[in-house]
Amino acid sequence: MSGAQLFMKEDLKITDTQIEILAGVINIYSLFGSLAAGLTSDWLGRRYTMVLAAAIVRASGKGSSSSRHDGVWKELLINPSRPVRRMLMAGLGLMFIQQATGVDCVVMYSPRVFERAGIKSKTNSLGASMAVGACKTFFIPISTLLLDRIGRRPLLLASGGGMAIFLFTLATSLHMMDRRPEGEATALGAVSIAAMLSFVASFASGLGPVAWVYCSEIYPLRLRAQAAAIGTGLNRIMSGATTMSFLSLSNTITISGSFYLYACIAAAGWVFMYFFLPETMGKSLEDTVKLFGKDADDEDVSDIRRHVPTKKPSTELSAQH
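Residue numbers (our numbering): 24 to 344.
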């Protein structure tokens, strides 16, 4: 117990008073074990009592080692330090914005949007839907090429700004088409289609792929798996919520109203990314902790740094050669 105390306060995030209570409880609990040992030895014999005790010790050690992630969940959700809280806000906010802007609705229900834009033929509508998928596929490699050249933050801001602009353009053109007789809004239909494709291109060239890269870089290794799981869960929940509600939302506030709503979310997302997402390109894990640890207490920052692996000195590598 004395040796374990060296790590318990750090790993379990408990106070000296809680350590005292834990130490006392263990000593009191041992009294019940002593009483049970006499009855067990009379019932099973001394040899099997020792086997049972060894099995209990092994099982408790196995349980302790397998439950180490409880401290991670506690650090993430219950008692996060200020840098961890900022990392979670950035990562979860980015995952929320990625899907709350309605990109899956645009891809999923693109034939309905094209129908409102004036494309009545099923063949033409299918071809336009294929163009949406091709546009998304074409621009993803472009973001990959630019990712390590201009950085994550510029791509995210450019992508988010473009999405807001093109969603607003799409909503306005559809709204104006609803006010004109059918067949007299050919130019507005072309604008709607162009805005829709531009929106998809903006998403695929930034927010779509870069959001996953960014979230994989900001968390320390000890917290990364659990934090990424939370972010992925939020991302999928938002994707399901938007696609399940799009038709009902369109029937309630019209399809142009739905895209106005998504445009407002994209604009709010741009503001969020501008103020809360620092650049991570070329930054080590320790540098990332410093980015999210600005204005934080030294104790909070040092607590995160303890879980950041240190690099080997270059002299060691040169000596091996």
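Each residue gets a CB set at the ideal place from its N, CA and C atoms; glycine is no exception.
Tell me which same chain residues have a C-beta within less than 7 Å of the C-beta of Leu100, skipping the five on either side of it? The count along the sequence shown starts at 1 and reaches residue 100 at position 77. The answer is none, since no qualifying residue turns up.
For Thr38, count the other beta carbons within 10 Å of its own beta carbon; 16 or more makes it buried, fewer makes it exposed. Which is it? Here residue 38 refers to the residue found at position 15 of the sequence shown. Note on Thr38: under 16 other CB atoms within 10 angstroms of its CB, so exposed under the neighbour-count rule.
Integer Cβ distance of Thr124 from Gly292, believed to fall under 8 Å: The residue you call residue 124 lines up with position 101 of the sequence shown. The residue you call residue 292 lines up with position 269 of the sequence shown. Indeed, because the Cβ distance is near 7 Å, the residues count as touching under 8 Å.
With H, G and I counted as helix, E and B as strand and the rest as coil, what does DSSP make of Thr266? Against the sequence shown, residue 266 aligns to sequence position 243. For Thr266, the three-state secondary structure derived from DSSP is helix.
Below 7 Å CB to CB, which residues in the same chain sit around Gln122 once its five sequence neighbours on both sides are set aside? For the purposes of this step, residue 122 is taken as residue 99 along the sequence shown, with counting starting at 1. Result list for Gln122: Asn258, Met261, Ser262 and Thr265, in chain order.
Look at Met131 and Phe299 and say whether their C-beta atoms are less than 9 Å apart. Locating residue 131 in the sequence shown gives position 108, where the first residue counts as 1. Locating residue 299 in the sequence shown gives position 276, where the first residue counts as 1. No, Cβ-Cβ distance for Met131 and Phe299 is not below 9 Å.
Taking Cβ to Cβ, would you say Tyr283 is nearer than 9 Å to Phe189? One-based indexing of the sequence shown puts residue 283 at position 260. One-based indexing of the sequence shown puts residue 189 at position 166. Their beta carbons are not under 9 Å apart, which means Tyr283 does not touch Phe189 by this criterion.
Should Ser407 and Ser225 be called a contact, given that it needs their Cβ atoms to be closer than 9 Å? Outside the shown range of the chain (24 to 344) lies residue 407, about which nothing can therefore be said.
Are Ser166 and Pro232 closer than 9 Å when you measure CB to CB? Sequence index remark: in the sequence shown, residue 166 carries index 143 (1-based). Sequence index remark: in the sequence shown, residue 232 carries index 209 (1-based). Yes; because the gap between Cβ atoms is below 9 Å, this pair is in contact.
Out of Ala227, Leu67 and Lys143, which one is the CA nearest neighbour of Thr160? For the purposes of this step, residue 160 is taken as the residue at position 137 of the sequence shown. Out of Ala227, Leu67 and Lys143, Ala227 has the C-alpha closest to the C-alpha of Thr160.
Roughly how many whole angstroms lie between the Cα atoms of Phe162 and Met219? Numbered from 1 along the sequence shown, position 139 holds the residue referred to as residue 162. Numbered from 1 along the sequence shown, position 196 holds the residue referred to as residue 219. Cα to Cα, Phe162 sits roughly 14 Å from Met219.
Starting from the C-beta of Ser273, find all residues in its chain whose C-beta is less than 7 Å away, skip the five residues before and the five after it, and write them out in chain order. Numbered from 1 along the sequence shown, position 250 holds the residue referred to as residue 273. Answer for Ser273: Ser281, listed in chain order.
Inter-residue spacing [alpha-carbon to alpha-carbon] between Ser196 and Trp96: Within the sequence shown, numbered from 1, the residue matching residue 196 stands at position 173. Within the sequence shown, numbered from 1, the residue matching residue 96 stands at position 73. Their backbone Cα atoms lie some 47 Å apart in a straight line.
Are Leu180 and Met296 closer than 9 Å when you measure CB to CB? Translated into positions along the sequence shown, residue 180 becomes position 157. Translated into positions along the sequence shown, residue 296 becomes position 273. Going by C-beta atoms, Leu180 is nearer than 9 Å to Met296.
C-alpha distance - Asn147 paired with Ala289, whole-angstrom precision: Here residue 147 corresponds to residue number 124 of the sequence shown, with the count starting at 1. Here residue 289 corresponds to residue number 266 of the sequence shown, with the count starting at 1. Rounded to whole angstroms, Asn147 to Ala289 spans 29 Å at the Cα level.
Can you check which of these residues, Glu309, Thr277 and Glu302, is closest to Arg172 by C-alpha distance? For the purposes of this step, residue 172 is identified with residue 149 of the sequence shown, where counting begins at 1. Residue nearest to Arg172 within the set Glu309, Thr277 and Glu302 is Glu302 (criterion: CA-CA distance).
Could you tell me the distance, in whole angstroms, from the CA atom of Ile2 to the CA atom of Leu67? With the chain covering 24 to 344 only, the question about residue 2 has no answer from this structure.
Count the other CB atoms, across all protein chains shown, that sit within 10 Å of the CB of Arg203; report buried if there are 16 or more and exposed otherwise. Counted from its first residue, the sequence shown places residue 203 at position 180. By the neighbour-count rule (16 or more Cβ atoms within 10 Å), Arg203 is not buried but exposed.
The alpha helix (DSSP H) enclosing Leu111, as first and last residue numbers: Position 88 of the sequence shown, counting from 1, holds the residue named residue 111. It spans Arg105 to Ala123 - the alpha helix (DSSP H) in which Leu111 sits, taken as one unbroken run.
Nearest-angstrom Cα distance between Ile216 and Gln249? Taking the first residue of the sequence shown as 1, we reach residue 216 at position 193. Taking the first residue of the sequence shown as 1, we reach residue 249 at position 226. Approximately 40 Å between the Cα atoms of the pair.
With distances taken Cα to Cα, identify the nearest neighbour of Glu309 among Pro243, Ala252, Ile253 and Glu98. Here residue 309 refers to the residue found at position 286 when the sequence shown is read from its first residue. Considering only alpha carbons, the answer is Pro243.
Cβ-based neighbour list, Gly174, same chain, cut-off 7 Å, excluding 5 preceding and 5 following: The sequence position of residue 174 within the sequence shown is 151, counting from 1. Closer than 7 Å at the Cβ level, and outside the excluded window around Gly174, lie Glu302 and Met304.
Let me make sure I understand the geometry here. Which of Met118, Arg109, Ser221 and Leu193 has the alpha-carbon closest to that of Ala154? Here residue 154 refers to the residue found at position 131 of the sequence shown. A check of alpha carbon separations from Ala154 across Met118, Arg109, Ser221 and Leu193 identifies Ser221 as the nearest.
Tell me the rounded alpha-carbon separation between Val312 and Ser271. Here residue 312 is taken as the residue at index 289 of the sequence shown, counted from 1. Here residue 271 is taken as the residue at index 248 of the sequence shown, counted from 1. Our two residues, Val312 and Ser271, have alpha carbons roughly 43 Å apart in a direct line.
Who are the near neighbours of Thr209 in its chain, counting only those whose CB is closer than 8 Å to its CB and skipping five residues on each side? Within the sequence shown, residue 209 is the residue found at index 186, counting from 1. Excluding positions up to five away in sequence, the list reads Gly141.
Below 9 Å between beta carbons: does that hold for Val23 and Leu170? Past the edges of the chain, shown from 24 to 344, lies residue 23, and the structure says nothing about it.
What are the boundary residues of the alpha helix (DSSP H) that includes Ala213? Counting from 1 along the sequence shown, the entry for residue 213 is found at position 190. From DSSP, the alpha helix (DSSP H) with Ala213 extends over Thr209 to Ser225.
Let me know the secondary structure DSSP gives Pro243 once reduced to three states. For the purposes of this step, residue 243 is identified with residue 220 of the sequence shown, where counting begins at 1. Coil, per DSSP.
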